[in-house]
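Reviewing the structure listed below.
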Amino acid sequence: MEKDANIAGYWVKALIEKFIATSPLNTMQNEDGEPAWDTALVGFASGADPIWQQYKEYVGAFHWTPWEVFNQHCPEEPAAAAELTVISWVLPQRQAVRKANRLAKKYPSEEWTRIRVYGEAFNVDLRRHVVKSLKDVGHAAVAPMLVPNWTIVKSQRFSYASSWSERHVAHAAGLGTFGLCDGLITARGKAMRVGSVVAKIKIQSTPRPYADHRAYCLYFANGTCGKCIDRCPVRAITTAGHDKEKCRQHLALSRDYVKKTYNFEGYGCGLCQVGVPCESGIPVKAAREALERGELPPPPPPLA
1 MEKDANIAGY WVKALIEKFI ATSPLNTMQN EDGEPAWDTA LVGFASGADP
51 IWQQYKEYVG AFHWTPWEVF NQHCPEEPAA AAELTVISWV LPQRQAVRKA
101 NRLAKKYPSE EWTRIRVYGE AFNVDLRRHV VKSLKDVGHA AVAPMLVPNW
151 TIVKSQRFSY ASSWSERHVA HAAGLGTFGL CDGLITARGK AMRVGSVVAK
201 IKIQSTPRPY ADHRAYCLYF ANGTCGKCID RCPVRAITTA GHDKEKCRQH
251 LALSRDYVKK TYNFEGYGCG LCQVGVPCES GIPVKAAREA LERGELPPPP
301 PPLA
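Numbering (the working numbering), first residue to last: 1 to 304.
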């Protein structure tokens with residue numbers, strides 16, 4: 001059974017990597033026809049992992065468990081939580097895109113904005129491709145971000161939250177921890193986008209190589225850094241955390257800038273994701289070296 005679960009994991013990873021490498025949809029839609037993405041990190045989490053219930057308690061009761069969203073949208077294939085696997089992937093920003101946005105002071109570079117629009121459009125296509133490919137070989141699946149009732153929720157604790165958070169899913173699948181600005185710091189850094197699918201398939205879970213949900217952030221690890229505070233053009237990041245309302249307002253204003261400056265419809269920012277130590281890797285040396293050695297910490301305490 002474990003062997004079959006490992007084989008299934010390799011198959012899914014190869015499926016994602018091949019689509020990135022060969023799909024004509026993977027494009028920034030610029031004059032040079034550059035690809036939006038060139039690689040992916042992939043992780044897996046069991047639908048029965050206790051962390052999903054922790055998210056309900058920590059994020060809010062509105063945040064779906066894999067079992068809830070799967071059985072809502074795949075009623076013809078009812079499944080118990082333990083029969084489900086959550087497939088999560090990280091799409092790291094390419095070096096040229098990160099370099100361009102490092103120069104930005106208030107609004108995003110054209111390259112970064114193209115990724116926000118066209119790169120995420122490819123991410124949507126990737127979700128659909130994974131769902132279809134799984135169904136083609138007999139495994140019911142759903143992409144929670146694409147279902148009609150996915151929604152953003154006004155949260156007293158977090159200002160804004162959603163019924164399925166791709167970053168929290170990636171954290172559950174062993175792909176990263178959170179930083180001061182709320183971004184997810186992965187082995188390839190914080191400059192990235194994420195996606196996920198829930199499927200009725202048994203795949204070996206990816207171990208979470210961290211004991212704390214902020215283990216990769218220098219500020220939370222040892223009280224240093226805070227570079228993302230300086231990068232934010234509207235002071236939406238402080239030592240107290242991330243002001244999502246200020247951030248949202250700035251993103252809304254960026255639409256006019258993008259239209260006038262780059263001549264296409266879009267928005268973005270991402271300044272806090274580049275020009276910082278966690279841009280393209282894990283800056284906390286001890287955590288990075290432990291990950292490289294494959295060391296696993298003791299089970300973490302509940303989120304708080």
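All C-beta atoms in this analysis are idealised placements derived from N, C-alpha and C, irrespective of residue type, glycine included. Computed from a predicted model, the values in this text were never measured in an experiment.
Requested in this report: Give the secondary structure of residue 201 by DSSP, where H, G and I count as helix, E and B as strand, and everything else as coil.
Outcome: Within the sequence shown, the letter at position 201 stands for residue 201. Note: residue 201 maps to coil in three-state DSSP.
Requested in this report: Grab me the residues of residue 106's own chain with a C-beta within less than 6 angstroms of its C-beta, minus the 5 sequence neighbours each way, in chain order.
Outcome: Mapped onto the sequence shown, residue 106 falls at position 106. Correct list, in chain order: 233.
**Report entry** Same chain only: Cβ atoms within 7 angstroms of residue 5, ignoring 5 sequence neighbours per side
**Finding:** The sequence position of residue 5 within the sequence shown is 5, counting from 1. Around residue 5, the same chain offers 202, 203, 204 as residues with beta carbons nearer than 7 angstroms, after the five sequence neighbours per side are excluded.
**Report entry** Boundaries (first-last residue) of the beta strand (DSSP E) holding residue 92
**Finding:** Reading the sequence shown from its first residue, position 92 is the one you call residue 92. Looking at the DSSP string, the run of the beta strand (DSSP E) that includes residue 92 is 85-92.
Query raised in the report: In chain order, what residues of the same chain lie with their CB nearer than 6 angstroms to the CB of residue 92, ignoring the 5 residues before and after it?
Result: Position 92 of the sequence shown holds residue 92. Taken in chain order, the residues that qualify are 188, 192.
Query raised in the report: Quick one: any contact between the region 206-223 and the region 291-299, if contact means 3 or more CB pairs under 8 angstroms?
Result: yes
Query raised in the report: Among all the DSSP beta bridges, which residues are the ones paired with residue 274?
Result: Looking up residue 274 in the sequence shown gives position 274. Looking at the DSSP assignment, residue 274 forms no beta bridge with any residue, so it has no partner.
Requested in this report: Given a cut-off of 9 angstroms, decide if residue 211 and residue 298 are closer than it, judged by their beta-carbon atoms.
Outcome: Here residue 298 is taken as the residue at index 298 of the sequence shown, counted from 1. Here residue 211 is taken as the residue at index 211 of the sequence shown, counted from 1. Against a cut-off of 9 angstroms, the Cβ pair of residue 211 and residue 298 comes out as a contact.
Query raised in the report: residue 189 by DSSP, collapsed to three states: which one?
Result: Position 189 of the sequence shown holds residue 189. Strand, per DSSP.
Query raised in the report: Using the C-alpha atoms, what's the distance from residue 101 back to residue 84?
Result: Residue numbering aside, residue 84 sits at position 84 when the sequence shown is read from its first letter. Residue numbering aside, residue 101 sits at position 101 when the sequence shown is read from its first letter. Cα-Cα distance, rounded: 38 angstroms.
**Report entry** Inter-residue CB distance, residue 142 and residue 197 (contact presumed, cutoff 8 angstroms)
**Finding:** Sequence index remark: in the sequence shown, residue 142 carries index 142 (1-based). Sequence index remark: in the sequence shown, residue 197 carries index 197 (1-based). Right, the Cβ-Cβ distance comes to about 7 angstroms (below 8 angstroms), so this counts as a contact.
Report task. Grab the span of the alpha helix (DSSP H) containing residue 210 for me, first residue to last. Result -> Taking the first residue of the sequence shown as position 1, residue 210 is located at position 210. Careful: residue 210 lies outside any alpha helix (DSSP H) and carries neither H nor E.
Requested in this report: Within its chain, find whatever has a CB closer than 7 angstroms to the CB of residue 97; leave out the 5 residues flanking it on each side and keep chain order.
Outcome: Within the sequence shown, the letter at position 97 stands for residue 97. Closer than 7 angstroms at Cβ, skipping near neighbours: 111, 112, 115.
Requested in this report: Using a threshold of 9 angstroms, state whether the C-beta atoms of residue 322 and residue 130 are closer than that.
Outcome: The structure shown does not extend to residue 322, since the chain spans only 1 to 304, so no value can be given for it.
Query raised in the report: Can you round the beta-carbon distance between residue 180 and residue 241 to whole angstroms, since I take them to be within the 8 angstroms contact cut?
Result: Taking the first residue of the sequence shown as 1, we reach residue 180 at position 180. Taking the first residue of the sequence shown as 1, we reach residue 241 at position 241. About 7 angstroms separates the two Cβ atoms, so the contact holds.
Query - Close beta carbons around residue 305, own chain, < 6 angstroms, minus the five adjacent residues each side - result: With the chain running from 1 to 304 in the structure shown, residue 305 is simply not present.
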